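Student: Here this note's numbering is used: position 311 in the sequence shown is 366, and no number is missing along the way.
Shown below is the structure under consideration.
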Amino acid sequence: MNDDGPAVVAQGLTKKFGSFTAVDRLDLNIAKGEIVGFIGPNGAGKSTTIRLLCGLLQPSAGRAWVAGFDVGREPDAVRAHIGYMSQKFSLYGDLTVRENLRFFGGLYRVPRRDIDARMRLAVAMAGLEGREDALVQTLAGGWKQRLALGCAILHRPPVLFLDEPTSGVEPEARRLFWDLIHHLASEGVTILVSTHYMDEAEYCNRIALIDAGRLVAIGSPGELRRRELGGVLFELECSALGAALVALRQVPGVIDASIFGNRLHVLVQQAGIAADLPSLLARHGITAGPPRGITPSLEDVFVQLVSRPHDAVAGA
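Here it is as structure tokens:
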């Protein structure tokens, strides 16, 4: 690996715990300054993949490089060149903002001549000017989150791993946090972030969908919407959603149907098939309004991808 190469590379990366395969032959290539989002069901292998790439777990098979270092052979070097933030805040609640920053600065071996200036930048980034002596346990979730990010980048790592960092945080605080992520990426920091919020996935340059330990799709949000559905999507408002779902899945030309709130999303091979769906449902005693063509969301792509057999992913 060299300075001109990608920031993160995985080749056949695998992790097994006994007979259970948590990460299954994952291939990945992330460019410098790119924001890549990991999405997938609970237990899909997102957190395990991040821990492998951070050098916190040894691979069972395959290899990976982060910032030019082999995660299996040089885990200490990897950890020295990354920032890591988990969904559970790693800050110490009984220490002040200033004390947390100084502690993490020492942990990351930030040079003494630089620590004060970097602490001031972290405080400004978190919006905590004037609250440097406040106990962290008294801060709201959004402030804690931004402060934790500030702690994770005190040593100016070229690669940043964020494992569901906005879980349980209010929407406005999540938006501000993503502003910080994009600012870091604009300065050349490579960011891999796992999230279960589909709206956050839209903020990423590319999205990697992981299911059952395998990478099943990767691409920009727009690419995934265009490429992965393989049909035309309609929204249908009707009574008896469960019964309608069962009936629609038996209709020739209907690729899939799923419940979204109080409506159904129906994926059909051709647009003309949708026009006949209300009359077909009426024969089952189900009242339905006219089908309405819609632009697929990432959630539609997600539902469709996790329901189909997984093949190898090209271009990862």
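For each residue, glycine too, the CB sits at the ideal point set by N, CA and C.
Everything numeric in this text was worked out from a predicted model, so none of it was measured.
For I170, which of helix, strand or coil comes out of DSSP?
Tutor: For the purposes of this step, residue 170 is identified with residue 115 of the sequence shown, where counting begins at 1. It is helical.
Student: Using DSSP bridges, identify the partner residues of L332.
Tutor: In the sequence shown, the residue the question calls residue 332 occupies position 277. DSSP lists no partner for L332.
Student: Where F357 and L176 are concerned, what is the direct C-alpha to C-alpha distance, given to the nearest angstrom?
Tutor: Counted from its first residue, the sequence shown places residue 357 at position 302. Counted from its first residue, the sequence shown places residue 176 at position 121. C-alpha separation (whole angstroms): 38 angstroms.
Student: With which residues is K70 paired in a DSSP beta bridge?
Tutor: Translated into the one-based positions of the sequence shown, residue 70 becomes position 15. According to DSSP, K70 bridges with V78.
Student: If I measure Cβ to Cβ from G268 and keep anything under 6 angstroms in the same chain, skipping five residues before and after, which residues do I get?
Tutor: Walking along the sequence shown from the start, residue 268 turns up at place 213. T76, A77, V78, D79 and G100, listed in sequence order.
Student: So which of L146, L322 and L217 has the shortest CA-CA distance to G286?
Tutor: Taking the first residue of the sequence shown as 1, we reach residue 286 at position 231. Comparing Cα-Cα distances from G286 to each of L146, L322 and L217, the minimum goes to L322.
Student: Measure the alpha-carbon distance for R280 versus I349 and round it to whole angstroms.
Tutor: Sequence index remark: in the sequence shown, residue 280 carries index 225 (1-based). Sequence index remark: in the sequence shown, residue 349 carries index 294 (1-based). Distance between the alpha carbons of R280 and I349: 12 angstroms.
Student: For T69 and L81, I'd like the C-alpha separation in whole angstroms.
Tutor: Counting from one through the sequence shown, the residue named residue 69 turns up at place 14. Counting from one through the sequence shown, the residue named residue 81 turns up at place 26. Distance between the alpha carbons of T69 and L81 is about 7 angstroms.
Student: Three-state secondary structure (DSSP) at V224?
Tutor: Position 169 of the sequence shown, counted from the first residue, corresponds to residue 224. DSSP places V224 in coil when its eight states are reduced to three.
Student: Classify Q305 as buried or exposed, calling it buried when 16 or more other Cβ atoms lie within 10 Å of its own Cβ.
Tutor: Translated into positions along the sequence shown, residue 305 becomes position 250. Exposed.
Student: For a test of the three-state rule: what should DSSP assign to H206, helix, strand or coil?
Tutor: Taking the first residue of the sequence shown as position 1, residue 206 is located at position 151. Before going on, a small fix: residue 206 reads as Cys here, not His. Of the three classes helix, strand and coil, the one that applies to C206 here is helix, per DSSP.
Student: Please classify T342 as buried or exposed, where buried requires at least 16 other C-beta atoms within 10 Å of its C-beta.
Tutor: One-based indexing of the sequence shown puts residue 342 at position 287. Classification of T342: exposed, given that the 10 Å Cβ count is below 16.
Student: In chain order, what residues of the same chain have a beta carbon less than 8 angstroms from the beta carbon of A256, not counting five sequence neighbours either side?
Tutor: Position 201 of the sequence shown holds residue 256. Counting only Cβ-Cβ distances below 8 angstroms, and skipping sequence neighbours, we find G92, I94, T250, I262, P276 and L353.
Student: Mind checking V309: buried by the 16 CB within 10 Å criterion, or exposed?
Tutor: Here residue 309 refers to the residue found at position 254 when the sequence shown is read from its first residue. V309 comes out buried.
Student: Is the beta carbon of L190 sitting closer than 8 angstroms to the one on M174?
Tutor: Within the sequence shown, the letter at position 135 stands for residue 190. Within the sequence shown, the letter at position 119 stands for residue 174. No, they are not a contact pair.
Student: So for T104, helix, strand or coil by DSSP?
Tutor: Working through the sequence shown from its first residue, we reach residue 104 at position 49. Of the three classes helix, strand and coil, the one that applies to T104 here is helix, per DSSP.
Student: Determine the direct distance from the alpha carbon of A312 to that of A135, and round the result to whole angstroms.
Tutor: For this step, residue 135 is matched to residue 80 along the sequence shown. For this step, residue 312 is matched to residue 257 along the sequence shown. Whole-angstrom Cα-Cα distance: 47 angstroms.
Student: To the nearest angstrom, how far is it from the Cα of A195 to the Cα of G297?
Tutor: As a position in the sequence shown, residue 195 is number 140, starting the count at 1. As a position in the sequence shown, residue 297 is number 242, starting the count at 1. Distance between the alpha carbons of A195 and G297 is about 41 angstroms.
Student: Per DSSP, R261 is paired with what?
Tutor: The sequence position of residue 261 within the sequence shown is 206, counting from 1. V91.
Student: With distances taken between CB atoms, is the gap from H320 to D266 smaller than 8 angstroms?
Tutor: Within the sequence shown, numbered from 1, the residue matching residue 320 stands at position 265. Within the sequence shown, numbered from 1, the residue matching residue 266 stands at position 211. No.
Student: Expressed to the nearest angstrom, what Euclidean distance is found between the alpha-carbon atoms of V271 and E283?
Tutor: Start at 1 with the first residue of the sequence shown, and residue 271 comes out as number 216. Start at 1 with the first residue of the sequence shown, and residue 283 comes out as number 228. Cα-Cα distance, rounded: 10 angstroms.
Student: In its own chain, which residues sit with a C-beta less than 6 angstroms from the C-beta of V142, not counting the 5 before and 5 after it?
Tutor: Here residue 142 refers to the residue found at position 87 when the sequence shown is read from its first residue. Reading off the sequence shown, one finds Gln at residue 142, where the question assumed Val. Taken in chain order, the residues that qualify are D218, E219 and S222.
Student: Is the Cβ-Cβ distance between A122 and P226 less than 8 angstroms?
Tutor: Residue 122 sits at position 67 when you count from the first residue of the sequence shown. Residue 226 sits at position 171 when you count from the first residue of the sequence shown. Not a contact, by the Cβ cut-off of 8 angstroms.
Student: Three-state secondary structure (DSSP) at N155?
Tutor: As a working note, residue 155 is residue 100 in the sequence shown. Helix at N155.
Student: Whole angstroms are fine: how far does the CA of I208 sit from the CA of R153?
Tutor: Start at 1 with the first residue of the sequence shown, and residue 153 comes out as number 98. Start at 1 with the first residue of the sequence shown, and residue 208 comes out as number 153. Taking the straight line joining both Cα atoms gives about 15 angstroms.
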